[in-house]
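For reference, the structure discussed in these notes is given below.
Dropping the structure here:
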């Protein structure tokens with residue numbers, strides 16, 4: 356008799372082989388059962404056996420065939436039905452483990468949410484430090500700010516916005532340095548459509564504008580002792596680590612400024628590892644539970660762990676109350692740049708508003724819009740921008756660069772990327788080494804080879820994001 360089946364069986368076949376010819380057979384099952392014998396083997400087939408119902412088969416042998424009592428040997432065959440089956444026990448257990456894992460995930464997410472000062476307006480940082488701090492539950496409405504936050508650069512703002520320094524932030528920092536007079540960007544030659552085929556970057560050592568420490572290091576490494584760098588010269592450069600250092604510096608700065616409790620990259624890694632740990636525990640529960648039919652208990656834990664990994668990587672790490680206040684100031688300025696029309700632009704004395712805020716518009720993904728607004732103002736004779744940072748002059752900027760700011764930056768970076776492709780091919784054929792993998796993007800990857808390849812990738816990648824707003 357075969358019994359103890361916990362799950363229903365669609366069909367079953369039993370074969371009995373003995374040492375002598377079978378003399379008779381019989382079969383007893385909840386539904387019709389057929390028995391047949393041939394020589395020393397009897398075969399029994401039946402279908403639709405409900406759970407917890409036995410199957411009985413009988414095979415008769417001549418007297419004296421067995422000297423000792425014969426015992427059946429049963430081997431369990433594992434299937435989804437008896438490893439991940441759903442019954443009252445596994446159903447209740449699965450719900451309980453899902454609730455427990457979900458509670459742990461929510462606790463981890465709560466610890467990773469932004470904090471804010473309680474009882475003060477968004478964007479205000481209490482000077483006496485007496486304001487209590489709480490978890491921010493939803494983003495408040497912010498007032499329009501007509502100026503960027505004091506003491507914050509576009510690159511630093513971009514790092515705070517999405518929780519990591521990336522190529523777009525470094526590109527905005529480069530434009531900001533040009534606008535402030537530290538370098539000049541110039542087109543070199545044009546194609547039939549009037550687009551620049553090559554570009555040059557010229558450092559202006561006489562600039563009196565104060566540099567942040569990371570900006571000085573960035574410029575020193577970028578130019579590497581030269582005053583001018585062109586895309587043609589990129590073919591000769593292979594080992595510069597400028598952008599890797601720049602992104603790492605920005606990630607450290609937002610922590611040093613007190614905007615994050617730790618380097619945001621470190622916080623992302625911790626969130627990823629927490630999700631990985633939960634998923635691994637769920638997988639272990641599923642595998643071990645499968646041997647006793649309780650494998651279903653681990654599935655929701657695995658799914659919750661995967662969700663924790665994904666959100667931990669994609670979402671910005673939790674900011675401190677100070678970081679959240681600065682973020683609100685940045686959002687207020689972003690609201691101004693993304694909504695102001697030509698007649699609503701506020702001009703400041705002795706400041707070229709167009710150029711000064713262009714790097715900010717790049718960080719916010721509205722550079723094309725910003726350029727068009729000031730083209731309209733210049734056409735109406737209301738405003739004349741200073742294009743000293745652009746070596747092509749006002750006419751070249753208006754006719755070429757400004758007509759498609761994003762595509763112009765893309766043309767510039769593409770020319771640089773093409774130079775580095777040629778350099779990579781040359782290096783590979785001459786030494787067999789070529790460029791190493793890695794590159795920029797959030798400061799990650801290796802930076803052992805491909806000097807200018809790693810130096811210019813921020814331009815090539817970030818300009819593709821010009822029309823897009825960063826994710827908060």
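Numbering (my numbering), first residue to last: 356 to 827. For each residue, glycine too, the CB sits at the ideal point set by N, CA and C. Nothing here was measured: the structure is a model prediction, and the numbers come from that model.
In this structure, the beta-carbon distance from residue 412 to residue 399 falls below 7 Å.
About 6 Å separates the CB atoms of residue 416 and residue 377; that is less than 8 Å, so the two are in contact. Membership of residue 734 in the alpha helix (DSSP H) is indicated by the continuous run 722 to 734.
Closest by C-alpha distance to residue 495, out of 658, 474, 606, is 474. By the 16-neighbour rule on beta-carbons within 10 angstroms, residue 570 is buried. Contact fails between the region 625 to 645 and the region 475 to 487, because fewer than three Cβ pairs, one in each stretch, are under 8 Å apart. Secondary structure of residue 566 (DSSP, three-state): coil. At a Cβ-Cβ threshold of 7 Å, residue 497 and residue 746 do not count as neighbours. Linking residue 434 to residue 651 through their CA atoms gives a straight-line distance of about 13 Å. Straight-line spacing of the CA atoms in residue 555 and residue 538 works out to 10 Å. The straight-line gap separating the alpha-carbon atoms of residue 409 and residue 367 is approximately 12 Å. As DSSP reads the structure, residue 696 sits in no beta bridge. Residue range 470 to 472 is occupied by the beta strand (DSSP E) that includes residue 472, with no alpha helix (DSSP H) assigned at that position. Taking the Cα of residue 655 as reference, the smallest distance to any Cα among 450, 372, 438, 441 is reached at 450.
When beta bridges are read from the DSSP output, residue 701 appears opposite no residue.
In the DSSP annotation of this structure, residue 413 is not part of any alpha helix (DSSP H); the continuous beta strand (DSSP E) holding it starts and ends at 411 to 415. Here residue 433 is not bridged, per DSSP, to any residue. In this chain, residue 486 is not harboured by any beta strand (DSSP E), its DSSP state being neither H nor E. Going by beta carbons, residue 486 and residue 472 fall inside the 7 Å limit. Using a Cβ-Cβ distance cut-off of 8 Å, the region 725 to 740 and the region 701 to 717 are in contact, since at least three pairs of beta carbons, one from each stretch, lie closer than that value. The continuous stretches of alpha helix (DSSP H) do not include residue 397, which lies in the beta strand (DSSP E) extending over residues 396 to 404.
Per the coordinates, the alpha-carbon of residue 585 lies some 54 Å from the alpha-carbon of residue 457. Distances from the alpha-carbon of residue 503 to those of 701, 743, 579 put 701 closest. Annotated as distal: residue 470 and residue 639, with beta-carbon spacing of 7 Å or more.
In the same chain as residue 622, and ignoring 5 residues on each side of it, the C-beta atoms closer than 6 Å to its own belong to 672, in chain order. No beta strand (DSSP E) of 3 residues or more sits fully in the region 599 to 639.
Annotation for residue 711: the continuous alpha helix (DSSP H) segment containing it runs 708 to 719. In terms of Cβ geometry, residue 380 and residue 395 do not form a close pair [threshold 7 Å].
In this model, residue 519 and residue 620 are separated by some 7 Å (Cα to Cα). The continuous stretches of beta strand (DSSP E) do not include residue 420, and DSSP gives it neither H nor E. By a beta-carbon distance limit of 8 Å, residue 607 contacts residue 618. Their separation comes to about 6 Å.
Cβ neighbours of residue 509 within its own chain (closer than 8 Å, five residues either side excluded): 503, 524, 527, 528, 530, 531, 714, 715, 717, 718. With a cutoff of 7 Å on beta-carbon distance, residue 401 and residue 384 are scored as near each other.
Contact annotation: residue 419 and residue 362 have beta-carbon atoms that are not nearer than 7 Å. Sixteen is the threshold: when 16 or more other Cβ atoms of the shown chains lie within 10 Å of the Cβ of residue 605, as they do, the residue is buried.
Secondary structure at residue 542: strand, using DSSP grouped into helix, strand and coil.
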